[in-house]
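If you're matching positions, the sequence shown starts at 2 in our numbering and goes up one per residue. One structure below.
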Amino acid sequence: MTCLALDDEPLALQLLETYSSRLPQLSPQGFFKNPDEAKSRLEIGDIDLVFLDIQMPDINGLHFLKQLEISPMVIFTTAFAEFAVEGFNLDAVDYLLKPFDFYRFEKAVNKAFDYRQFLNTRDLENSNMPDLPQPKSIFVRVGYSMTQIRFEDIRYIEGFDDYIKIHTDGKPVLTLLSLKNILEILPPEQFIRVHRSFIVALDKIESIRAQKITILGREIPVGHTFRTPLKEWFTRDRLD
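Given below as structure tokens:
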């Protein structure tokens, strides 16, 4: 993701530059103290994410955002918690309260990355151009690198709070993502959620018995609220 930062504090910009350099999913395009310079760079139209301070001498960050003709994703960075509500009303991805550490910064960037990936997938699905290829894989963060996982290799996905474990024929992949977010990215004709903690690949189901699914020899529970969609798929698949 291309990104830039606007902050009147040199130390804050230096910290953002240091943190950004540690994340491979970010491609920094500038760290600005001057709002006019930041606005000119944004008007080019290729910036995905903005780190934006709120209390600045020349302009309030909230007002700066409202003046933009384009709508990049925004993560507010400020020492004033009272602006949080208005910030989220402007559809901010996250709100970093200074001083924040690298872990909190990374978590905010991951939210922006996941949201951008969801939007890209949704736009592709809604496209009227039938010749566009459908995505066949997903990139997820593993440590400080991005790993590509093909949809056809996924057997099932297990959720653990803010993390998920993607099970394939090989070694499971642990990444910072929620089941809800990854379900929005996965092709719905290939995957279904069967439990608050599990998503399964439909073509990898070995058996269904007593409200349990078996995949790779593991029994996966089927939650009560997910039984009807699974039953509808099973019935439709058998009729087809």
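Virtual Cβ for every residue (Gly too), placed ideally from N, Cα, C. Note that the coordinates shown come from a computational prediction; the quantities given were computed from them, not determined experimentally.
Would you kindly work out how many angstroms separate the C-alpha atoms of residue i and residue j, rounded to a whole number?
i           : j           : result
residue 139 : residue 152 : 7 Å
residue 6   : residue 154 : 38 Å
residue 120 : residue 3   : 16 Å
residue 160 : residue 15  : 35 Å
residue 70  : residue 148 : 35 Å
residue 225 : residue 196 : 8 Å
residue 205 : residue 137 : 16 Å
residue 201 : residue 10  : 48 Å
residue 194 : residue 235 : 14 Å
residue 61  : residue 67  : 10 Å
residue 220 : residue 211 : 10 Å
residue 38  : residue 183 : 36 Å
residue 167 : residue 158 : 5 Å
residue 230 : residue 59  : 55 Å
residue 45  : residue 30  : 11 Å
residue 215 : residue 104 : 36 Å
residue 277 : residue 35  : Look at the range of the chain in this structure, 2 to 241, and you will see that residue 277 is not part of it.
residue 27  : residue 100 : 21 Å
residue 22  : residue 187 : 29 Å
residue 18  : residue 43  : 18 Å
residue 64  : residue 96  : 16 Å
residue 227 : residue 207 : 18 Å
residue 72  : residue 106 : 21 Å
residue 172 : residue 102 : 31 Å
residue 142 : residue 12  : 28 Å
residue 198 : residue 170 : 20 Å
residue 189 : residue 20  : 35 Å
Who are the Cβ neighbours of residue i in its own chain at under 8 Å, not counting the five residues just before and after it?
i           : result
residue 94  : 50, 74, 75, 76, 109, 112, 113, 116
residue 165 : 158, 159, 175, 176, 178, 179, 180, 183
residue 240 : Per-residue confidence for residue 240 stands at a pLDDT of 43, beneath the threshold of 50, marking its modelled position as unreliable; the derived number appears in the next sentence. Nothing listed; no residue qualifies.
Mind reading off the beta-carbon distance from residue i to residue j? Whole number of angstroms is fine, and I expect it under 8 Å.
i           : j           : result
residue 55  : residue 33  : Not a contact, Cβ separation roughly 15 Å.
residue 78  : residue 52  : 5 Å
residue 252 : residue 213 : The structure shown does not extend to residue 252, since the chain is modelled only from 2 to 241, so the question has no answer here.
residue 150 : residue 174 : 6 Å
In chain order, what residues of the same chain have a beta carbon less than 7 Å from the beta carbon of residue i, not counting five sequence neighbours either side?
i           : result
residue 163 : 177, 179
residue 255 : Here the chain comprises residues numbered 2 to 241, so residue 255 is not present and cannot be evaluated.
residue 203 : 191, 192, 193, 234
residue 47  : 3
Considering only residues of the same chain and omitting the five flanking positions on each side of residue i, which have a CB-CB separation below 6 Å?
i           : result
residue 8   : 14, 54
residue 185 : 119
residue 217 : 156
residue 57  : 9
Next item on the list: Identify every run of the beta strand (DSSP E) within the region 188–238, keeping only runs that are complete inside it and at least 3 residues long; order them along the chain.
Entry: 192–196, 199–202, 208–210, 213–216, 219–222
Notebook entry, point to check: Of all the alpha helix (DSSP H) runs that stay within the bounds of the region 54–87, which reach a length of 4 or more residues?
Noted result: 62–68
Checklist line | Any beta strand (DSSP E) of 3 or more consecutive residues that is wholly inside the region 5–38 | finding: 28–33
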